[in-house]
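Position 58 of the sequence shown, counting from 1, maps to 38 under the numbering used here, and the rest follow consecutively.
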Amino acid sequence: MSKPEVMLGLEMPDVDVWSERVVVALGQNPNMFTGPGTNTYLVGTGEERILLDTGQGVGAYLPVLEQALERAGCRIQEIVLTHGHPDHIGGARDVQDAHGALRVSKLPHSGFDAGHAVEITPIADGAVIETEGATLRALHTPGHAEDHLCYVLEEERSIFSGDNVLGVGTTVIPAEGGDLLDYMNSLERLLAEEPTVIYPAHGPKIADGTAKLQEYIAHRNAREEQILEAMSAGNARIQDIVAVVYAAYPEAFHLPARSSVCSHLQKLEREGRARREGDVPIEARWERV
Ligand SMILES: [Zn+2]
């Protein structure tokens, strides 16, 4: 998921070769939230390769996956998922129906995993998945989703970032299951890997992954600073903080910006730097501590 305004209209080829170890196949699920759709990846160099993420489960995906397999000259060894949002796990069943009972590995999440009719092989932080020419190491990176795993491709020191870093736009921190403090810690963790390329779940590949992570962190920190300043100026309600911080943006952006500001305030609350009056965070009165 990403912010709709920047994701629409981006064109990407259905199948593309992004490195000697990485072929991308587009999930065929473009919309306001997924932009050009979900990137699914064939990883490795051998006759059997890992399929990383499976798209949403739309019919048009399987022929594109076939095209990618043909281009790579390979079959699927197993399926590995970044997280259980429907645009990542949703195609797993279709791929199994077409390619046999492949193993599907992810960090389990009872809420997300139910209803997709696939048996999950549980993996966690530090898990290593190997195929010819590629070694993937899982990094638990919550914040966008509790079950989110990124994968370091050791041979390239590149990272499959899932929805934590995107080729275009900004990651959404959902009110349900999202957490900005966790997310910032996850970004720091990814940065510590000093990645070369980042392969995101949406949008084009990112040539300088480390620079992009620094940019993401700086952007969130700058926003937090603006929010703190708006609070210091006496703005206690989220709509008032939004009006100050997003003054340069059209009104249409102000309503969706409320949840973003709310995620910042909840982060500050967890850090003991803000407190609220009121049970419902988005409706509460907030002040700095
Ligand atoms: Zn997601």
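Ideal Cβ placement from N, Cα and C applies to all residues, glycine included.
Within the DSSP bridge table, the entry for serine -1 names Val2 as partners. At a threshold of 7 Å, aspartate 127 does not count as near ligand 1, since its beta carbon sits no closer than that to any of the ligand's heavy atoms. Take the alpha-carbon of valine 3 and the one of valine 75: they are about 17 Å apart. Valine 108 is bridged by DSSP to Arg117. Placement of the Cβ of histidine 65 at a distance of less than 7 Å from at least one heavy atom of ligand 1 is found. The beta-carbon distance between isoleucine 100 and aspartate 93, rounded to whole angstroms, is 5 Å. This is short enough to meet the 8 Å contact definition. The beta carbon of arginine 55 is closer than 6 Å to those of Glu28 in its chain, skipping five residues each way along the sequence. DSSP lists Leu133 as the bridge partner or partners of serine 138. In this structure, DSSP gives tyrosine 229 a state outside helix and strand, which the three-state scheme calls coil. Two segments are said to touch when three or more pairs of C-beta atoms, one from each, lie closer than 8 Å; by this definition the region 209 to 227 touches the region 235 to 248. Between arginine 117 and glutamate 134, the C-beta gap is smaller than 8 Å, which places the two residues in contact.
Residue range 234 to 250 is occupied by the alpha helix (DSSP H) that includes glutamate 249. Selection Leu82, His65 and Glu(-9) evaluated against proline 154 yields His65 as nearest (Cα-Cα). As far as DSSP is concerned, proline 66 takes part in no beta bridge. The straight-line gap separating the alpha-carbon atoms of valine 152 and histidine 124 is approximately 7 Å.
Inter-segment contact for the region 177 to 196 and the region 237 to 256 is absent: fewer than three beta-carbon pairs are separated by less than 8 Å. In this structure, the alpha-carbon of proline 88 lies about 22 Å from that of methionine 164. Across the set Leu6, Gly258 and Arg268, the C-alpha of Arg268 shows the shortest separation from the C-alpha of alanine 213. Taking the Cα positions, valine -5 is about 18 Å away from glycine 142. Between the alpha carbons of glutamate 231 and threonine 150 lies a distance of about 19 Å. Just so you know, the alpha carbons of glycine 158 and histidine 79 end up roughly 33 Å apart. Here methionine 211 is buried: its Cβ has 16 or more other Cβ atoms, across all protein chains shown, within 10 Å.
Under the DSSP definition of a beta bridge, glycine 15 partners with Asn11. Taking the C-beta atoms as reference points, alanine 72 is found nearer than 8 Å to isoleucine 59. Judged by their CB atoms, isoleucine 139 and isoleucine 197 are not nearer to each other than the 8 Å cut-off. Pairing threonine 176 with glycine 258, the inter-Cα distance amounts to about 45 Å.
Counting of Cβ neighbours within 10 angstroms places asparagine 201 among the exposed residues, the total staying below 16.
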